[in-house]
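Here's the structure we're looking at; comments come further down.
In my numbering, the protein residues as written are 10 to 267.
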């Protein structure tokens, strides 16, 4: 498995182990019992995939977007080549809902990585997931709140999915074998960005004014058209309010109609 130390990886490893899988974790900076493998250079990939039946590919340049061409695209190509030589039966790749619609550079690289898998010789399954609540809670909203005012476009909707729900679907894909298609997975509810922000402020105890503003540009437009959501079924089961209640150990967040 690549990306075992990330938010999703930490949910996937125990889920697969419960199914009886022997999970080989790989990382550029491995811990005890892990194997060293670097997607950006190819170092260690052959050893990491040797003798495995399937590869779960979660690693991505999420914190270093400028590295995405080398890590996500060229790195996926290196991984597919190593897996083909090792006669791996199945690669499960986790991608992002909306990458074919949102004109964001990192998303274009994720789409290119999907095409690498689709052109390769190793049977694959591609799972596109919507955003994780941890990304919104730990990165986006704290950064945005530093301005003192939180700006939201009420026309933009999101469909956050819990990593544990994604892990359940990955387990299902491994059990079912290569689908050779792209599948979408979203959370159980679609929220406006304004409602998401207000519920986060209430759960965290922060006090910030919330200003509604129609954001300009093509990216905001396609997000208002639903690019961050998917109508596909089934969905995940854990809501944003479930996450906030668990994360902040407070009473469940009340319904908000924002």
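Ideal placement from N, C-alpha and C gives every residue a C-beta, glycine not left out.
Check, Outcome
"Start and end residues, alpha helix (DSSP H) containing residue 161", "Segment 159 to 161 is the beta strand (DSSP E) holding residue 161; no alpha helix (DSSP H) there."
"Alpha carbon of residue 265 to alpha carbon of residue 112, nearest angstrom", "For residue 265, the predicted model reports a pLDDT of 46, less than 50, meaning its position is unreliable; a value from the coordinates is still stated below. Those two C-alpha atoms are separated by around 31 Å."
"Contacting residues, own chain, Cβ-Cβ under 6 Å from residue 160 (five flanking each side not counted)", "220, 222"
"Where residue 179 falls: helix, strand or coil (DSSP)", "helix"
"CB-CB length for residue 106 against residue 137, believed under 8 Å", "5 Å"
"One or two residues paired with residue 134 in a DSSP bridge", "101"
"Through-space distance from residue 200 to residue 163, alpha-carbon basis", "10 Å"
"Residue 261, buried or exposed, once every other Cβ within 10 Å from all chains shown has been counted against 16", "Summary for residue 261: the model assigns pLDDT 48, below 50, so the residue's position carries little reliability; its value from the coordinates is reported in the next sentence. Residue 261 should be labelled exposed."
"Boundaries (first-last residue) of the beta strand (DSSP E) holding residue 26", "Residue 26 -> not in any beta strand (DSSP E); alpha helix (DSSP H) instead, spanning 16 to 27."
"Residue 62 to residue 54 span [Cα, whole Å]", "15 Å"
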